[in-house]
Amino acid sequence: MTTIDDVIGEATGRSRAVLEYSQTMSRLVKSAKEPGFSVHSWAPLGELVAIDDFVRIGPFKEVQNWAEYTEFLTAWATSSDWECSFKRISEAGDVVFLELEERSRIGDFSSVVNSASVYEFDADNKIRYIAVYLQMQLPDPAALPNFQNAGDAQ
């Protein structure tokens with residue numbers, strides 16, 4: 001299992017900034033369980049972001065600005081454990097693509113997902129846009145509709 005710490009030393013430019021973003025996220029999620037953690041605790045992450053222009057599109061197509069995102073992160077991080085493994089990173093122009101395996105636990109619920117995130121940078125090399133895409137295992141097949149005979153229902 002390769003970690004971000006294993007590869008960050010080889011990264012440069014915007015790819016390095018994205019890896020620093022992920023490292024900072026990991027550190028802050030761990031510290032979110034300490035007393036006094038708040039929306040303001042995300043300031044180190046904010047140093048990498050174009051706060052006034054920031055947009056995040058989540059896996060359910062939810063759109064958040066920086067203030068909305070840090071509120072979401074605070075609620076999530078204070079109640080969750082999260083870690084990730086590095087898969088791949090690619091950079092093209094002002095866009096960086098990062099693939100991770102993400103593992104999280106919220107109470108009794110745990111999940112492992114593959115994520116691909118698109119990071120777009122502004123002219124000052126700050127992250128202005130993130131779009132998150134996830135792959136996850138299907139839920140229990142018994143909970144899914146049966147489409148095998150769907151053509152017979154005409």
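Okay, so the sequence shown: first residue is 1 according to the UniProt record's numbering, each after it adds one.
In this text, a Cβ means the ideal position worked out from N, Cα and C, and glycines have one as well.
Residue range of the unbroken alpha helix (DSSP H) whose run includes residue i
i          : result
lysine 30  : 13–31
alanine 43 : 43–46
Proximity winner among the options, relative to residue i (alpha-carbon distances)
i            : options               : result
threonine 12 : Val63, Ala92, Ala116  : Ala92
lysine 33    : Glu68, Ala131, Thr74  : Thr74
lysine 30    : Asp81, Glu102, Pro141 : Asp81
proline 139  : Ala123, Glu62, Val113 : Val113
serine 79    : Phe86, Glu71, Val63   : Glu71
Interface flag, residue i vs chain D, CB-CB below 8 Å
i            : result
glutamate 91 : Structure shown: chain D not included; a single protein chain is present.
Nearest-angstrom beta carbon gap, residue j and residue i [assumed within contact, 8 Å]
i          : j            : result
valine 95  : glutamate 68 : Not confirmed; about 23 Å, so no contact.
leucine 48 : alanine 17   : 6 Å
Proximity of residue i and residue j at Cβ, strictly below 8 Å
i          : j              : result
serine 115 : valine 132     : yes
serine 22  : isoleucine 51  : no
serine 117 : isoleucine 130 : yes
serine 90  : glutamate 101  : no
First and last residue of the uninterrupted beta strand (DSSP E) at residue i
i          : result
leucine 73 : Unbroken run through leucine 73 is the alpha helix (DSSP H), 66–79; no beta strand (DSSP E).
valine 113 : 109–121
* Per the contact definition of three or more C-beta pairs closer than 8 Å, is the stretch 4–11 in contact with the stretch 106–115? -> Not touching, per the Cβ criterion.
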